[in-house]
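First comes the structure, then the notes that go with it.
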Ligand code: DX5
Ligand code: ZN
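Residue numbers (our numbering): 373 to 591.
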């Protein structure tokens, strides 16, 4: 079944704990936590202190998306803060293999993300080492942007590689996901839908999550 990972970026920042509990009540699978440093992306969001503070609030898996330069420097902090999955950007990481090893040795699942303008060739050499591939379908930095259609082709290409190799890798998509783009991403091959504005802005978040979880590859 499709997993849904709502982005805490769209939660009320003054009440993040309540936002997290709301996701849990609404049937979300993971909580997507967007970490931005104002360098790799223009915005600054939350850091390891907030992850640590949220950890006792819920047992939901924390899907931590690091949009920061030199992520290796901060991985130990995010591990000890209670991250279940840590996703780095291939554009920010010099020695990807060591970085992925550091995450896994720390007991978390390891993910690699790529921007809309980055070729999938940049991540394919590492695909056997991954638990998660996070395809960015907007330029990272802000919620509320429109889905970039060309990313469907990247999703299909990554799906083919994962299936051909028989790998146990979740393919996730992040940016501009709503019930229409989400359904089409699932048809193209994703396992996980990460989304902020359309879930937090939905009339009924629980109903929306239920609908998305019912999407299937065959349409
Ligand atoms: C964008 C973040 C996304 C973002 C998604 O840089 O990585 O996770 O919060 O927000 P929406 O769903 O509003 O595009
Ligand atoms: Zn994200």
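Think of the CB as a built atom: it goes at the ideal place given N, C-alpha and C, for glycine as much as any other residue.
Can you tell me where the alpha helix (DSSP H) holding residue i begins and where it ends?
i           : result
residue 577 : 577–585
residue 461 : Taken as a continuous stretch (DSSP letters only), residue 461 belongs to no alpha helix (DSSP H), being part of the beta strand (DSSP E) at 457–461.
residue 474 : 468–477
residue 450 : 443–452
residue 372 : The question about residue 372 has no answer, for the chain in this structure spans 373 to 591.
residue 436 : Unbroken run through residue 436 is the beta strand (DSSP E), 434–439; no alpha helix (DSSP H).
residue 504 : Where residue 504 is concerned, there is no enclosing alpha helix (DSSP H), although the beta strand (DSSP E) it sits in stretches over 504–508.
residue 422 : 420–426
residue 391 : 388–397
Would you kindly check if the distance between the Cβ of residue j and the Cβ of residue i is under 7 Å?
i           : j           : result
residue 485 : residue 465 : no
residue 483 : residue 506 : yes
residue 378 : residue 395 : yes
residue 398 : residue 566 : no
residue 492 : residue 526 : yes
residue 541 : residue 587 : no
residue 449 : residue 433 : no
residue 415 : residue 513 : yes
Span of the beta strand (DSSP E) holding residue i?
i           : result
residue 483 : 481–486
residue 522 : It is not in any beta strand (DSSP E) - residue 522 carries neither H nor E in the DSSP assignment.
residue 403 : 403–408
residue 566 : 564–567
residue 429 : That residue, residue 429, is in no beta strand (DSSP E); it is neither H nor E in DSSP.
Use the C-beta contact count for residue i: other C-beta atoms within 10 angstroms, 16 or more gives buried, fewer gives exposed.
i           : result
residue 580 : buried
residue 404 : buried
residue 555 : buried
residue 451 : buried
residue 373 : exposed
residue 409 : buried
residue 406 : buried
residue 468 : buried
residue 413 : buried
residue 435 : buried
residue 401 : buried
residue 524 : buried
residue 518 : exposed
Using only CA atoms, which one of the options lies nearest to residue i?
i           : options            : result
residue 338 : 438, 587, 425      : Any property of residue 338 remains undetermined from this structure, which presents the chain solely from 373 to 591.
residue 575 : 566, 550, 471, 585 : 550
residue 390 : 566, 427, 375      : 427
residue 480 : 453, 495, 509      : 453
residue 445 : 420, 431, 457      : 420
residue 442 : 461, 431, 429      : 461
residue 494 : 530, 386, 399      : 530
residue 325 : 553, 399, 499      : Within the shown structure, residues of the chain are numbered from 373 to 591, placing residue 325 beyond reach of any answer.
Does chain B have any CB closer than 7 Å to the CB of residue i?
i           : result
residue 436 : The chain inventory of the structure shown lacks chain B, comprising one protein chain alone.
* To do: Say whether the region 555–569 touches the region 538–547, bearing in mind that this needs 3 or more beta-carbon pairs closer than 8 Å, one atom from each stretch.
  => yes
* For the region 374–386 against the region 567–578, are there 3 or more C-beta pairs whose distance is under 8 Å? -> Yes, the region 374–386 touches the region 567–578.
* To do: For the region 466–483 and the region 500–515, state whether three or more C-beta atom pairs, one from each stretch, are separated by less than 8 Å.
  => yes
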